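Enquirer: My questions will all concern the structure given below.
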Amino acid sequence: MSEHLDISQGGKAEKYAALLPQIASVVEAESDPIANMANVASMIHETFGFWWTGFYRVISPEWLVLGPFQGPMACTRIKKGRGVCGTAWAEGKTQVVPDVELFPGHIACSSASRSEIVVPIRHGEEIVGVLDIDSAELATFDDIDREWLEKVAKLL
Ligand code: SME
């Protein structure tokens, strides 16, 4: 029923609304980006109980490398344009993937991952990394996640 849907969607937005100022205060208190990525991955992961929450950093014109994360071990390098992360980087646009098996070229770091969101992180105009979140359930992420996670990315 739509009433039930409204309650669950509202709960998600409320969680993000409570989390964002906490993330802002953590990031304002520390200048080191790796330390901040580590705490932000933990805060998002603990709040929502996602399967995998973490960062890939741009280390060259062609490559992302694994950064701080929470969850099972993951692929260490992803080429620009490859997988969901490399596509978010190449297109400069958040990718919301309801079913990873239907995303051409999806990189399966874990077979338990069913849906995914990847948000580019910018320094000025330039993309310096991505925030990648995987869920063990289908269709976990929507425009609410996109909106709030893009706000998180702006804080980094
Ligand atoms: N699935 C991602 C790779 C990273 S793992 O999910 C942690 C992709 O297709 O880019």
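Add 453 to the 1-based position in the sequence shown for the working numbering, that's all there is to it. Note that beta-carbon positions come from the ideal geometry of N, C-alpha and C, so glycine has one too. Nothing here was measured: the structure is a model prediction, and the numbers come from that model.
Could you name the residues that DSSP lists as bridge partners for residue 505?
Expert: As a first step, residue 505 must be located in the sequence shown, where it is residue number 52. Residue 505 pairs with 587.
Enquirer: Can you list, in chain order, the residues of its chain with a C-beta nearer than 8 Å to that of residue 516? Leave out the 5 residues immediately preceding and following it.
Expert: Translated into the one-based positions of the sequence shown, residue 516 becomes position 63. Cβ neighbours of residue 516 beyond the five flanking positions: 530, 531, 532 and 533.
Enquirer: For residue 489, I'd like the list of residues in its chain whose CB is within less than 8 Å of its CB, leaving aside the five on either flank, ordered along the chain.
Expert: If you number the sequence shown from 1, residue 489 lands on position 36. These residues qualify, in order along the chain: 479, 480, 483 and 609.
Enquirer: If I'm right that residue 570 touches residue 506 with Cβ under 8 Å, what's the distance once you round it to whole angstroms?
Expert: On the sequence shown, position 117 is the one that residue 570 refers to. On the sequence shown, position 53 is the one that residue 506 refers to. The pair is not a contact, with the Cβ atoms about 10 Å apart (cut-off 8 Å).
Enquirer: Pull up the distance between the alpha-carbon of residue 475 and that of residue 499, whole angstroms please.
Expert: Residue 475 sits at position 22 when you count from the first residue of the sequence shown. Residue 499 sits at position 46 when you count from the first residue of the sequence shown. For residue 475 and residue 499, the distance between alpha carbons rounds to 13 Å.
Enquirer: Over what stretch of residues does the alpha helix (DSSP H) that includes residue 574 continue unbroken?
Expert: Here residue 574 refers to the residue found at position 121 of the sequence shown. Boundaries for residue 574: no alpha helix (DSSP H) harbours it, while the beta strand (DSSP E) harbouring it runs 568–576, taken from the DSSP string.
Enquirer: Quick check on the burial criterion: 16 or more other C-beta atoms within 10 angstroms. Buried or exposed for residue 591?
Expert: Here residue 591 corresponds to residue number 138 of the sequence shown, with the count starting at 1. By the neighbour-count rule (16 or more Cβ atoms within 10 Å), residue 591 is not buried but exposed.
Enquirer: Excluding five sequence neighbours on each side, which residues of the same chain lie with their C-beta closer than 6 Å to the C-beta of residue 494?
Expert: Here residue 494 refers to the residue found at position 41 when the sequence shown is read from its first residue. Excluding positions up to five away in sequence, the list reads 506, 507, 521, 522 and 523.
Enquirer: Does residue 555 pass the burial test, meaning 16 or more other C-beta atoms within 10 Å, or should it be called exposed?
Expert: Here residue 555 corresponds to residue number 102 of the sequence shown, with the count starting at 1. Burial call: exposed.
Enquirer: With a threshold of 6 Å on Cβ separation, who are the neighbours of residue 477 within its own chain once the five nearest residues in sequence on each side are excluded?
Expert: As a working mapping, residue 477 is identified with position 24 in the sequence shown. Closer than 6 Å at Cβ, skipping near neighbours: 608.
Enquirer: Looking only at C-alpha atoms, which of 575, 582, 548 and 589 sits nearest to residue 564?
Expert: By 1-based counting over the sequence shown, the position of residue 564 is 111. Comparing C-alpha distances from residue 564 to each of 575, 582, 548 and 589 shows the shortest one belongs to 589.
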